[in-house]
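Reviewing the structure listed below.
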């Protein structure tokens, strides 16, 4: 019933707005609301420097959330993000210690490690039919264990390569940080894959009902595995960029990215049970989460208050538009 | 088929968990320098019951087809609260215990209300409420500290008749007082039915909403019991994000080891308890074999990976490929 009501309401709007999800609209409205609230607090909130800085911070989360979105669209979830991020960063930094070839191959090697963990996830979820929640938890634990053994429990000593630092902190086009360009490229790639390729159609199909997709002749297991591999690779890329930003990898650098990534995807209107969602929503979700975190830290809210507000905002926004249909 | 066969197949997961636990514990005590003594059992029990409580709480929610990612945070919150309230005269202490349990149940009830009446997905809901609970815990204890009624704490972590660890008795009491009546009640049945097939349960006129709500509430209550015991063991309240997350993750692992299906409708909290004890024992095995502690996380992770992969053997028996997709 609510669907027909929104259709009627949006009928009068221009075509490009009509195509948007209600969730995406609300998410963007909330971004504007946050900016207005922020500018009431301090006028520097609307300055281009601040906004660009926020976009830069958002890009790290954006890259990671892109992979998460692909997996959530399938109706699965990837909880191995924290240690895939750390593994990607640490392995890239570790490769850099092996001379010139190592430096040159640092980034591909880091991403490859992430893809490898992703493939392991995919094998478990798609072929062994292990629930993704528990499978990715297990690979997360294994990745953590492997990294603890590798570093000996201490902070790793290797530092990021110049290329990694340049990608994370430099600006190829003056004024536009490289990470933003990377996020734009990753995002454009994802939009293309989701809307213009049969792979993307298959992802939505599997998310809606894997059984039906299988009966339609889709090799659902391969698609699921590829999606997890992509998610692993993107998480690792996010980790590599973060390592470049901080100029070295750290033990728990990925911990702060799991929940925000899921929250960003879900706030952007992607259904957590899969099959429904647009990348535009994920962009809105990522920016929303980043702005919220930034405003709370500018207001010098202590960590406790930040966590509480963060949770309350997610709950109340989802109550606004993320509800399941009423029973029957 | 005879009745006991039905019973056996229904309790398969629980019994498997029991066997794994007994096997692991025998290996553990055989290689422990002190052997099978009351002290070894007491230490193992005290380490195991915390996870057992959290795993029981997780089971309550998993049975309904949901998941509670805030369970570790409820543990932390009640731990921090107990470090303020469970102190003073016996009367004050008793009031404090009741207050802590009530807060735990309230946390669970909030999760349940949002999931059932707000119609949000359990995963996202409990991630968000978990952040709120952790924030409140951090407000209560920005730094580790506080204290607890030490007489009570010592009584709850010691031994009864110099033999049986009292923490194990606490666990048994919770199982008998909460789990057994609940799982036999109409609401417990409704929770199982809702996890198995919500539509069918609804069509049969079962009180699924109240059943699920009760499950979430009891999950919070049991997590609060865990929080109390955590306070009894450590004498302090500590809002450590990493430990809250670890309890949540391990609770899911323990639930799976205990034969509870993450799709809902199958398994029992008793299985989850044995799953938790087995998981803890596996983690401790490394110590008795004198491995470098640095290998412990990797070892635990690999065990977890192998344990969850074992379930895949059921695929061999699948005759119709459509059954791959639930």
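Chains as they are written, first to last, in the numbering used here: chain A, 1 to 328; chain B, 1 to 326. Each residue gets a CB set at the ideal place from its N, CA and C atoms; glycine is no exception.
Is the region 83–100 of chain A close to the region 144–163 of chain A, with three or more CB pairs under 8 Å? yes
Cβ atoms of residue 268 of chain A and residue 277 of chain A: under 8 Å apart, would you say? Translated into positions along the first chain, residue 277 of chain A becomes position 277. Translated into positions along the first chain, residue 268 of chain A becomes position 268. A Cβ-Cβ contact shorter than 8 Å links residue 277 of chain A with residue 268 of chain A.
Coil, strand or helix - residue 273 of chain A by DSSP: Position 273 of the first chain holds residue 273 of chain A. In the structure shown, residue 273 of chain A sits in coil (DSSP, three-state: anything other than H, G, I, E or B).
Nearest-angstrom Cα distance between residue 182 of chain B and residue 229 of chain A? Looking up residue 182 of chain B in the second chain gives position 182. Looking up residue 229 of chain A in the first chain gives position 229. Cα to Cα, residue 182 of chain B sits roughly 42 Å from residue 229 of chain A.
CA-CA distance, residue 128 of chain B and residue 305 of chain A? Against the second chain, residue 128 of chain B aligns to sequence position 128. Against the first chain, residue 305 of chain A aligns to sequence position 305. If you draw a straight line from the Cα of residue 128 of chain B to the Cα of residue 305 of chain A, it comes to about 13 Å.
Cut-off 6 Å between Cβ atoms - residues of its own chain near residue 144 of chain B, not counting five sequence neighbours on either side: Here residue 144 of chain B corresponds to residue number 144 of the second chain, with the count starting at 1. Hits under 6 Å: 236 and 238.
Validate contact between the region 209–221 of chain A and the region 92–103 of chain A using beta carbons, cut 8 Å, 3 pairs: no
Give the interface partners of residue 260 of chain A over in chain B, defined as CB-CB distance under 7 Å, in chain order. Here residue 260 of chain A refers to the residue found at position 260 when the first chain is read from its first residue. None at all; the shortest Cβ gap to chain B is about 10 Å.
Residue range of the alpha helix (DSSP H) that residue 49 of chain A falls in? As a position in the first chain, residue 49 of chain A is number 49, starting the count at 1. Here the alpha helix (DSSP H) through residue 49 of chain A covers 48–73.
Can you give me the C-alpha to C-alpha distance between residue 27 of chain A and residue 285 of chain A, rounded to a whole angstrom? As a first step, residue 27 of chain A must be located in the first chain, where it is residue number 27. As a first step, residue 285 of chain A must be located in the first chain, where it is residue number 285. Each residue's alpha carbon lies about 7 Å from the other.
Taking residue 299 of chain B as the query, report the chain A residues whose CB atoms sit under 8 Å from its CB, ordered along the chain. If you number the second chain from 1, residue 299 of chain B lands on position 299. The contacting residues are 145.
Assuming contact is defined by CB atoms lying nearer than 8 Å, are residue 255 of chain B and residue 242 of chain B in contact in what I supplied? What you label residue 255 of chain B is simply residue 255 of the second chain in a count that begins at 1. What you label residue 242 of chain B is simply residue 242 of the second chain in a count that begins at 1. Not in contact: residue 255 of chain B and residue 242 of chain B (Cβ atoms no closer than 8 Å).
Just the Cα atoms here: how many angstroms apart are residue 3 of chain A and residue 23 of chain A? In the first chain, counting from the first residue as 1, residue 3 of chain A sits at position 3. In the first chain, counting from the first residue as 1, residue 23 of chain A sits at position 23. Legend: pLDDT at residue 3 of chain A = 48, less than 50; position of this residue unreliable, value from coordinates given subsequently. Straight across, the Cα-Cα distance linking residue 3 of chain A with residue 23 of chain A is about 12 Å.
Report the rounded CA-to-CA distance for residue 163 of chain B versus residue 38 of chain B, giving the unit in angstroms. Reading the second chain from its first residue, position 163 is the one you call residue 163 of chain B. Reading the second chain from its first residue, position 38 is the one you call residue 38 of chain B. Looking at the two C-alpha atoms, the distance is approximately 6 Å.
With distances taken between CB atoms, is the gap from residue 275 of chain A to residue 208 of chain A smaller than 8 Å? The residue you call residue 275 of chain A lines up with position 275 of the first chain. The residue you call residue 208 of chain A lines up with position 208 of the first chain. Yes, these two residues count as a Cβ contact at 8 Å.
Do residue 278 of chain B and residue 257 of chain B have their C-beta atoms closer together than 8 Å? Translated into the one-based positions of the second chain, residue 278 of chain B becomes position 278. Translated into the one-based positions of the second chain, residue 257 of chain B becomes position 257. Yes, the pair counts as a contact, with Cβ atoms nearer than the cut-off.
Taking Cβ positions only, does residue 134 of chain B come closer than 8 Å to chain A? Counted from its first residue, the second chain places residue 134 of chain B at position 134. Interface residue, yes.
Could you check which residue in A:93, A:310, A:151 and A:35 has the C-alpha nearest to that of residue 244 of chain A? Taking the first residue of the first chain as position 1, residue 244 of chain A is located at position 244. That would be A:93, whose Cα lies nearest to the Cα of residue 244 of chain A.
Rounded to the nearest angstrom, what separates residue 156 of chain B and residue 49 of chain B at their Cα positions? The count along the second chain starts at 1 and reaches residue 156 of chain B at position 156. The count along the second chain starts at 1 and reaches residue 49 of chain B at position 49. Inter-residue distance for residue 156 of chain B and residue 49 of chain B is about 12 Å (C-alpha atoms, whole angstroms).
Supposed close pair residue 233 of chain A, residue 118 of chain A - CB separation, criterion 8 Å: Locating residue 233 of chain A in the first chain gives position 233, where the first residue counts as 1. Locating residue 118 of chain A in the first chain gives position 118, where the first residue counts as 1. Right, the Cβ-Cβ distance comes to about 6 Å (below 8 Å), so this counts as a contact.
Find the residues of chain B that neighbour residue 310 of chain A, judging by a C-beta separation of less than 7 Å, and give them in chain order. Here residue 310 of chain A corresponds to residue number 310 of the first chain, with the count starting at 1. Within 7 Å Cβ-Cβ: 131.
Residue 137 of chain A: contacting residues in chain B (beta-carbon distance under 8 Å): Locating residue 137 of chain A in the first chain gives position 137, counting from the first residue. What residue 137 of chain A touches in chain B: 249, 252, 253 and 304.
I'd like to know whether the C-beta of residue 5 of chain A is nearer than 8 Å to at least one C-beta of chain B. Mapped onto the first chain, residue 5 of chain A falls at position 5. Reliability of the predicted coordinates at residue 5 of chain A is poor, the pLDDT of 48 falling under 50, and no value is obtained from them.
Contact belief for residue 158 of chain A with residue 116 of chain A at Cβ below 8 Å, rounded distance in angstroms: Here residue 158 of chain A is taken as the residue at index 158 of the first chain, counted from 1. Here residue 116 of chain A is taken as the residue at index 116 of the first chain, counted from 1. Not really, about 19 Å apart at Cβ, beyond 8 Å.
Going along chain A, which residues have a C-beta under 8 Å from residue 295 of chain B? As a first step, residue 295 of chain B must be located in the second chain, where it is residue number 295. Within chain A, the residues near residue 295 of chain B are 145 and 149.
Taking 8 Å as the CB-CB cut-off, is residue 273 of chain A touching chain B? By one-based count along the first chain, residue 273 of chain A stands at place 273. At least one chain B Cβ lies under 8 Å of residue 273 of chain A.
Return the chain-ordered ranges of every beta strand (DSSP E) run that is complete within the region 218–285 of chain B and spans a minimum of 3 residues. Taking only runs of at least 3 residues, no beta strand (DSSP E) segment lies wholly in the region 218–285 of chain B.
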